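In the UniProt record's numbering, the protein residues as written are 1 to 684.
Take a look at the structure:
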């Protein structure tokens, strides 16, 4: 009876949606004349010593360096680090930050860490960490992290204003997380909202492009992460630009004030590709879907999209994304053989978070149930009506056909089937930051993954990144020594505090073949008073939140798709605190030397390059925060009781899905069916 009611409700919704067609601003790409210059850029390789950046990125780097240079002398003073700023200025570091995937949880965690490092936040400045963001050159995001990164750069607002919005007579803006991601205020009351999503995507389909669930997903994300939607017009289609339907990713980033003035980092978001042929030896053994560890990672930035991975190493101008190329020449030979407008803002960040193939895979493997049956109907059979191509992925016309046929798996593929950026298990987007042409010295990794049963990070992605790095040709993507598993991380309590990886290297030149960046790992973790007593945590069934009394923490489920304003602000408060507290020990709430230690990490490669001995205060800091493989091995061997107590938490990471670092339960799948997928398939 329950399933009959649900199917009837779905049918009623579809009937309402198809009853009339609202007007929609142009989400559809257009066909245009091709430019005289080539759309394709071959990026070279490490092996050949000719890896290059785009001219646009090079120009940004030069402008950003000019902005950053005077800030270093203000931040890394001799009183803090023990180093002469003028000497360090001879070879300033290139700093990057990476935000993991994990839905709204990861987006909010990324925002909180950004807030902790932002000089526009007075409390962060007072803590000594505010200002690091202003010294950062690159900012990468994946899945939920891509939502935060892209919104932050495009809108150039302080975090609390960006996320919570500013109230006005017209209503409040911000991310609007109190409105459900696909069903804002109830299934039947939001028919205008659903019809608007459908109309936008139908326009793209009418232009001959393959559309999928990801198009609906991306349009829904735009209501939250693209400027223009207010609390008062959320379910209407009367906004200028129709809730981001006509906002393009490249333009939104490169025309933002933070980008044009080079006052904010260069943003990059990533996606993986659903593989054509799977070699079992290349697969992450714990993955429930099969994206090879050495599969191509694609990046999207303000100027281009493509990959530095050695099997491809090519890019296309993002303004002409959607143009299919064969050996660099458009396959459409008519006068209007190129495409513009394909890089819709929501579609790009939706592509980075497109995990519907994972949902189908896990639904297919789950025990038979009424809910699973509904899921299969909604995403499987019905979704086949969207296009001739796969409907559970993000369909991108392949601009790289004909390239590298001996190494590039999709060289003969007409349409790339892109998926969530973390589906190979690398849930922190290190790959684009390891390109030697970018010369990155330090990466601050904000890990909001759900590696444990309590939805906290436990370093699962670190181990996968290490494995992936080792599968690449030597010198391609170098990482420092990292823990081999989540169990190692948890048994050594590395998931409860910031950790520095790669403190000691003999190759401080970031462009050198044997060099690797220093990684400042900041995992999402419980408040200090819960660190050693997980028994204080109690889960509220079907909500996915954990509470300590009346206090909401930062460990929501990846599939929590709405947050009250109060929960959002509390989350940001907690996440910001994680960024400013450091490793609190001996009953303290924070480490009073954390700001000094963070600065020591940021400038250490520079210190080496200008031949300065490590200062006494930095030696103390590195003794406290640097990862030691030997000490970790000893701790792991001698911590049987700790391993036992944490086994239930770590088990979820060892059996987790590579897409989201959690296994999606049947009950969660049922929730997804009724909350995400019914909305996602309204266009059928």
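Backbone N, C-alpha and C define an ideal beta-carbon position, used for all residues, glycine too.
In this text the structure is predicted, and so the values were computed from the model without any measurement.
Pair within 8 Å by beta-carbon distance, residue i and residue j
i: residue 86; j: residue 69; result: no
i: residue 354; j: residue 419; result: yes
i: residue 210; j: residue 415; result: yes
i: residue 466; j: residue 407; result: no
i: residue 166; j: residue 110; result: no
i: residue 203; j: residue 394; result: no
i: residue 159; j: residue 175; result: no
i: residue 518; j: residue 591; result: no
i: residue 568; j: residue 450; result: no
i: residue 601; j: residue 520; result: yes
i: residue 410; j: residue 273; result: yes
i: residue 254; j: residue 302; result: yes
i: residue 499; j: residue 584; result: no
i: residue 262; j: residue 571; result: no
i: residue 75; j: residue 117; result: no
i: residue 399; j: residue 316; result: yes
i: residue 616; j: residue 82; result: yes
i: residue 30; j: residue 250; result: no
i: residue 106; j: residue 100; result: yes
i: residue 119; j: residue 133; result: yes
i: residue 437; j: residue 51; result: yes
i: residue 178; j: residue 555; result: no
i: residue 614; j: residue 508; result: no
i: residue 214; j: residue 351; result: yes
i: residue 308; j: residue 248; result: no
i: residue 459; j: residue 486; result: yes
i: residue 446; j: residue 522; result: yes
Cβ-based burial, residue i [other Cβ within 10 Å; buried from 16]
i: residue 463; result: buried
i: residue 103; result: buried
i: residue 33; result: exposed
i: residue 405; result: exposed
i: residue 112; result: buried
i: residue 257; result: exposed
i: residue 97; result: buried
i: residue 55; result: exposed
i: residue 122; result: exposed
i: residue 212; result: buried
i: residue 629; result: exposed
i: residue 208; result: exposed
i: residue 244; result: buried
i: residue 483; result: buried
Collapsed DSSP secondary structure at residue i in the structure displayed
i: residue 45; result: coil
i: residue 439; result: coil
i: residue 522; result: strand
i: residue 447; result: strand
i: residue 70; result: helix
i: residue 327; result: coil
i: residue 401; result: strand
i: residue 304; result: strand
i: residue 271; result: strand
i: residue 395; result: strand
i: residue 136; result: strand
i: residue 248; result: strand
One or two residues paired with residue i in a DSSP bridge
i: residue 578; result: Answer is none; residue 578 lacks a bridge partner.
i: residue 338; result: 32
i: residue 500; result: 520, 626
i: residue 320; result: Partner(s): none; residue 320 has no beta bridge.
i: residue 315; result: 41, 306
i: residue 141; result: 99, 269
i: residue 129; result: Per DSSP, none; premise fails for residue 129.
i: residue 418; result: 273, 394
Among the options, the one whose alpha carbon lies nearest that of residue i
i: residue 328; options: 624, 132, 314; result: 314
i: residue 397; options: 345, 318, 475, 75; result: 318
i: residue 611; options: 348, 84, 527; result: 84
i: residue 224; options: 156, 151, 250; result: 151
i: residue 594; options: 586, 220, 604, 579; result: 579
i: residue 217; options: 336, 63, 200, 485; result: 200
i: residue 454; options: 435, 624, 495; result: 495
i: residue 40; options: 67, 338, 251; result: 338
i: residue 716; options: 220, 430, 266; result: With the chain covering 1 to 684 only, the question about residue 716 has no answer from this structure.
i: residue 71; options: 79, 445, 92, 421; result: 92
i: residue 298; options: 270, 423, 474, 588; result: 270
i: residue 194; options: 229, 57, 235; result: 235
i: residue 141; options: 596, 300, 305; result: 300
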